[in-house]
Amino acid sequence: MTADARAPIDDDALDALFRVARTHNSFRDEPVSEVTLRALFELVKMGPTSANGLPGRFVFLVSKEAKAKLGPALSSNNRDKTMKAPATVIVAHDVAWHENLPRFFPHTNAKSWFEGNDALIAETAFRNGTLMGGYLIMAARALGLDCGPMSGFDQAKVDEAFFPDGRWRTNFLVNLGYGDGQNMFDRLPRPDFDEFCRIV
1 MTADARAPID DDALDALFRV ARTHNSFRDE PVSEVTLRAL FELVKMGPTS
51 ANGLPGRFVF LVSKEAKAKL GPALSSNNRD KTMKAPATVI VAHDVAWHEN
101 LPRFFPHTNA KSWFEGNDAL IAETAFRNGT LMGGYLIMAA RALGLDCGPM
151 SGFDQAKVDE AFFPDGRWRT NFLVNLGYGD GQNMFDRLPR PDFDEFCRIV
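Encoded structure:
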């Protein structure tokens, strides 16, 4: 498919990604396969990031041992549902992501744009790592998974437990699985265009 021939996706796809999709707090007792998790990343990595820097990093927790390791960092509101979720993703970013620029942006010396500017390195890592976390949610929905993204955890404890060398840094968590429709809130309000947007 060429760019000039691309048509908008249909209403069913828009519903699955946005309009009908919901945050899930409870999932069926059905595992998320490694095949699916690998397919998920194959989609996520195709989303645009600054200079194709790809600073996002993802740790998929599927074993009881990994969940137990995460448990002490979770708030009381998030602990039980996370322990029961088939998979939980630590969405993180690599604080030295720019070291990969010669590989991922090879046609110029993009690494030099960031060297010596720690603030820019950190800002770009956080912004684009967060962006990749958003891609993960959309890609998961596209693959038929349901998501429960969340804050409500102690970042320092997660980093200490999973990233003790300090190279990766936690951003947020996402529970993944096949939602059972339980423990869901009613659809919450959303604003009109003119309230939150401007065209100038």
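Sequential numbering of the sequence shown, starting at 1, is according to the UniProt record's numbering.
Note that CB positions come from ideal geometry on N, CA and C, so glycine has one too.
The structure displayed is predicted, hence computed values, not measured ones.
7 Å Cβ cutoff met for residue i and residue j
{"i": "Gly-56", "j": "Gly-129", "result": "yes"}
{"i": "Ala-73", "j": "Val-200", "result": "no"}
{"i": "Leu-40", "j": "Ala-142", "result": "no"}
{"i": "Ala-66", "j": "Phe-27", "result": "no"}
{"i": "Leu-136", "j": "Phe-104", "result": "no"}
{"i": "Gly-148", "j": "Asn-109", "result": "no"}
{"i": "Phe-172", "j": "Ser-151", "result": "yes"}
{"i": "Val-32", "j": "Gly-177", "result": "yes"}
Member of the options whose CA lies at the smallest distance from the CA of residue i
{"i": "residue 213", "options": "Gly-177, Glu-65, His-93 and Leu-145", "result": "Examination of residue 213 is not possible in this model, given that the chain is present from 1 through 200 alone."}
{"i": "Thr-88", "options": "Lys-69, Phe-60 and Lys-81", "result": "Phe-60"}
{"i": "Met-138", "options": "Ala-68, Ala-7, Phe-18 and Asp-10", "result": "Phe-18"}
{"i": "Asn-78", "options": "Asp-154, Thr-49 and Pro-8", "result": "Asp-154"}
{"i": "Ala-161", "options": "Trp-113, Gly-116, Ala-68 and Ser-112", "result": "Ala-68"}
{"i": "Ala-21", "options": "Glu-195, Asp-194, Leu-188 and Cys-197", "result": "Leu-188"}
{"i": "Lys-45", "options": "Val-35, Ile-9 and Phe-58", "result": "Phe-58"}
{"i": "Asp-29", "options": "Met-83, Leu-14 and Leu-43", "result": "Met-83"}
Residue i, buried or exposed, once every other Cβ within 10 Å from all chains shown has been counted against 16
{"i": "residue 230", "result": "This structure leaves residue 230 out entirely; the chain is present only between 1 and 200."}
{"i": "Thr-170", "result": "buried"}
{"i": "His-24", "result": "buried"}
{"i": "Ile-9", "result": "exposed"}
{"i": "Phe-185", "result": "exposed"}
{"i": "Phe-114", "result": "buried"}
{"i": "Val-35", "result": "exposed"}
Helix, strand or coil at residue i according to DSSP, with G and I counted as helix
{"i": "Asn-183", "result": "coil"}
{"i": "Arg-169", "result": "strand"}
{"i": "Pro-72", "result": "helix"}
{"i": "Leu-143", "result": "coil"}
{"i": "Gly-121", "result": "A small correction: the amino acid at residue 121 is Ile; Gly does not occupy that position in the sequence shown. In this structure, Ile-121 counts as helix in the three-state DSSP scheme."}
{"i": "Ile-137", "result": "helix"}
{"i": "Val-32", "result": "coil"}
{"i": "Phe-60", "result": "strand"}
{"i": "His-93", "result": "strand"}
{"i": "Ala-87", "result": "strand"}
{"i": "Leu-176", "result": "strand"}
{"i": "Thr-82", "result": "helix"}
{"i": "Thr-23", "result": "strand"}
{"i": "Met-150", "result": "strand"}
{"i": "Phe-105", "result": "coil"}
{"i": "Asp-10", "result": "coil"}
{"i": "Asp-159", "result": "helix"}
Closer than 7 Å to chain D by CB, residue i
{"i": "Leu-54", "result": "Given the protein chain composition of this structure (a single chain), no chain D is represented."}
Q) Contact between the stretch 178–195 and the stretch 92–101: three or more CB pairs below 8 Å? A) The answer is no - the stretch 92–101 does not touch the stretch 178–195, with fewer than three Cβ pairs under 8 Å.
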